[in-house]
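Please read the structure below before turning to the comments.
Residue numbers (this note's numbering): 438 to 681.
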């Protein structure tokens, strides 16, 4: 069951569950790089502020700039990836930020918005010969850009777990192995993604300065240390690591 945040299979297996609104609203837009006089850097950038942050990345071999802005918003709304939003609402938050980011907001052809909801980790993902994967099993905040990645990892690891099965009777055990193989990793990324959202939204300018200045110094002098913090996420070999 890779049927997403509103998984019908999950409800059938575990009963109805109310999602938890995280207090954050996300805005997404894509802008052609050539339309920008001063595009953001080609590397992934996180722009942080009080109660909000933005991320810019490049798509399609650098020809497009992807923008995601996350803003703390007290009133929840329904989960949707397709709801168009008002540019004025985005500009009200990011207009006075760095000029390259403000230009992305100004020239985006359309914005889509969605409220970010969370769900408690599940005690199990499978029942009989049915299992969940991706957002149906472990929805996560976009603060690490790992949602789709973890779904793809799930699919590969599920195939590996099922490979030794020789009959339908072997499937439940294979699915149990799949769950044990994936639960610690996906739970860690869920938790870090949620924590990152709070870290990016530090209210105090002094707090942001105190947190990010040492990180910038260490990154400049010893970049391997900063990059190494991400090794558990990006250094994982989903193809060759044996299934637990």
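Think of the CB as a built atom: it goes at the ideal place given N, C-alpha and C, for glycine as much as any other residue.
Where residue i falls: helix, strand or coil (DSSP)
| i | result |
| --- | --- |
| residue 673 | coil |
| residue 449 | helix |
| residue 664 | helix |
| residue 509 | strand |
| residue 472 | helix |
| residue 540 | helix |
| residue 680 | coil |
| residue 639 | coil |
| residue 627 | helix |
| residue 497 | coil |
| residue 522 | strand |
| residue 486 | strand |
| residue 460 | strand |
| residue 632 | helix |
| residue 466 | strand |
| residue 491 | strand |
Cβ of residue i within 8 angstroms of any chain C Cβ
| i | result |
| --- | --- |
| residue 493 | No chain C is part of this structure, which consists of one protein chain only. |
Assumed close pair residue i, residue j - CB separation to whole angstroms, cut-off 8 angstroms
| i | j | result |
| --- | --- | --- |
| residue 600 | residue 608 | The Cβ separation is near 12 angstroms, so there is no contact. |
| residue 598 | residue 614 | 5 angstroms |
| residue 559 | residue 658 | With 8 angstroms as the limit, residue 559 and residue 658 do not qualify as a contact, their Cβ atoms being about 42 angstroms apart. |
| residue 487 | residue 640 | 5 angstroms |
| residue 675 | residue 594 | 6 angstroms |
| residue 568 | residue 612 | 5 angstroms |
Residue i: CB within 7 angstroms of a non-hydrogen atom of the ligand GTP
| i | result |
| --- | --- |
| residue 659 | With respect to the ligand GTP, the structure offers nothing, as it holds no ligand at all. |
Proximity below 8 angstroms, CB of residue i to CB of residue j
| i | j | result |
| --- | --- | --- |
| residue 563 | residue 616 | yes |
| residue 440 | residue 585 | no |
| residue 630 | residue 577 | yes |
| residue 539 | residue 566 | no |
| residue 496 | residue 467 | yes |
| residue 662 | residue 670 | no |
| residue 547 | residue 489 | no |
| residue 554 | residue 453 | no |
| residue 575 | residue 627 | yes |
| residue 473 | residue 541 | yes |
| residue 492 | residue 645 | no |
| residue 512 | residue 494 | no |
| residue 552 | residue 458 | yes |
| residue 478 | residue 470 | no |
Check whether the segment 530 to 543 and the segment 578 to 594 are in contact - that is, three or more C-beta pairs closer than 8 angstroms. no
Continuous alpha helix (DSSP H) assignments of at least 4 residues falling wholly in the segment 542 to 624: 584 to 599
Taking 8 angstroms as the cut-off, does the segment 459 to 479 touch the segment 490 to 505 (at least 3 CB pairs, one atom from each stretch)? yes
Count the CB pairs spanning the segment 588 to 598 and the segment 524 to 532 that are closer than 8 angstroms, and state whether there are at least three. no
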